Amino acid sequence: MRFATVVSRVIERMEGVEKAMEFSVRKSESNVRLAGHESGRKGKLEIEAEMFTITTLTQSKRSVYKFRRPHSRANQEEKAEISNLGEFTHQQMSVTIHTNLGDIKCEIACDEVPKAAENFLALCASGYYDGTIFHRNIKGFMIQGGDPTGTGKGGTSIWGKKFSDEIRESLKHNARGVLAMANSGPNTNGSQFFMTYGKQPHLNGLYTVFGKVIHGFEVLDLMEKTPTGPGDQPLAEIRINRVTIHANPLAG
Numbered sequence: 001m002r003f004a005t006v007v008s009r010v011i012e013r014m015e016g017v018e019k020a021m022e023f024s025v026r027k028s029e030s031n032v033r034l035a036g037h038e039s040g041r042k043g044k045l046e047i048e049a050e051m052f053t054i055t056t057l058t059q060s061k062r063s064v065y066k067f068r069r070p071h072s073r074a075n076q077e078e079k080a081e082i083s084n085l086g087e088f089t090h091q092q093m094s095v096t097i098h099t100n101l102g103d104i105k106c107e108i109a110c111d112e113v114p115k116a117a118e119n120f121l122a123l124c125a126s127g128y129y130d131g132t133i134f135h136r137n138i139k140g141f142m143i144q145g146g147d148p149t150g151t152g153k154g155g156t157s158i159w160g161k162k163f164s165d166e167i168r169e170s171l172k173h174n175a176r177g178v179l180a181m182a183n184s185g186p187n188t189n190g191s192q193f194f195m196t197y198g199k200q201p202h203l204n205g206l207y208t209v210f211g212k213v214i215h216g217f218e219v220l221d222l223m224e225k226t227p228t229g230p231g232d233q234p235l236a237e238i239r240i241n242r243v244t245i246h247a248n249p250l251a252g
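Numbering-wise, the sequence shown is residues 1 to 252 according to the numbering used here.
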């Protein structure tokens, strides 16, 4: 499954959400900009995409949106952060996780781990994570969220069942800000995810890495400094307000 396929499937799922959804597409020659918003109980969904090209998939005989990456507009600080974390090998999308402590922007590896990417992006697009808390926080290790029950025992994938791991040699828990699926054993991925506070090599081969933080490390610092109580739950709530999806990981 290639990058364009993941994108088209996420768009299909967004269009299928049982809420009032409005989209506008503005086309200028070969470039298209898509903007949209969703009105509903879970708040406002914002989707931003730059440098689309419209492509026809002959196998399915329908039009889909295929992203291509524009020239980087990242500042030097962002470029340094990305360089330190290493490069994913193919095309990516990115998301901004808007929390009550600030914004964290993450790059999503659509080509390397298509199932995990599709699941996460579709959950973000549907507002699934809006208003949820990070229920587990361990200094020097990681912070975990994505469970709508806030207990660490809930959450489900977009398919309504657990899905299999996508372990890749090129994607490891080798830096601060690695984004990975949480699980309770092999092939038990649902909706929960975590972000690392540093290198965690003992997690390699056990959890599906599907992204990395590329901006907002100062917010990750605030999360790590938050005191915790029983069960490693933050004493002060750390909450996801909403998530913005971007086509280009280096877009503003």
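C-beta atoms are modelled at their ideal positions from N, C-alpha and C, and glycine is treated no differently.
As the structure is a prediction and not an experimental result, all values here were calculated from the model.
Asked                                                                                                                                                            : Found
Can you grab the Cα-Cα spacing for the pair Lys139 / Thr228, in whole Å?                                                                                         : 9 Å
Would DSSP call Leu179 helix, strand or coil?                                                                                                                    : strand
Output the residue ranges of the beta strand (DSSP E) runs that lie fully inside the segment 166-247 and measure 3 residues or longer, sorted by chain position. : 178-181, 193-196, 209-215, 240-246
Could you have a look at Asn100 and say whether DSSP puts it in helix, strand or coil?                                                                           : coil
Going by other Cβ atoms of all chains shown within 10 Å of its Cβ, with 16 needed for buried, is Leu123 buried or exposed?                                       : buried
Return the CA-CA distance between Asn241 and Gly205, expressed in angstroms with no decimal places.                                                              : 31 Å
Could you give the C-beta distance for Leu220 and Val213, rounded to a whole number, given that I count them as a contact under 8 Å?                             : 6 Å
Mind pulling the beta strand (DSSP E) runs of 3 or more residues that sit fully within the segment 139-170?                                                      : 142-145
Tell me Lys258's beta-bridge partners as DSSP assigns them.                                                                                                      : Because the chain here runs from 1 to 252, residue 258 falls outside it and cannot be looked at.
Under 9 Å, do Gly145 and Leu222 count as touching if we go by C-beta distance?                                                                                   : no
Given that a residue counts as buried once 16 or more other Cβ atoms are within 10 Å of its Cβ, and exposed if not, what is Cys110?                              : buried
Would you call the segment 153-168 in contact with the segment 186-205, where contact means no fewer than 3 C-beta pairs closer than 8 Å?                        : yes
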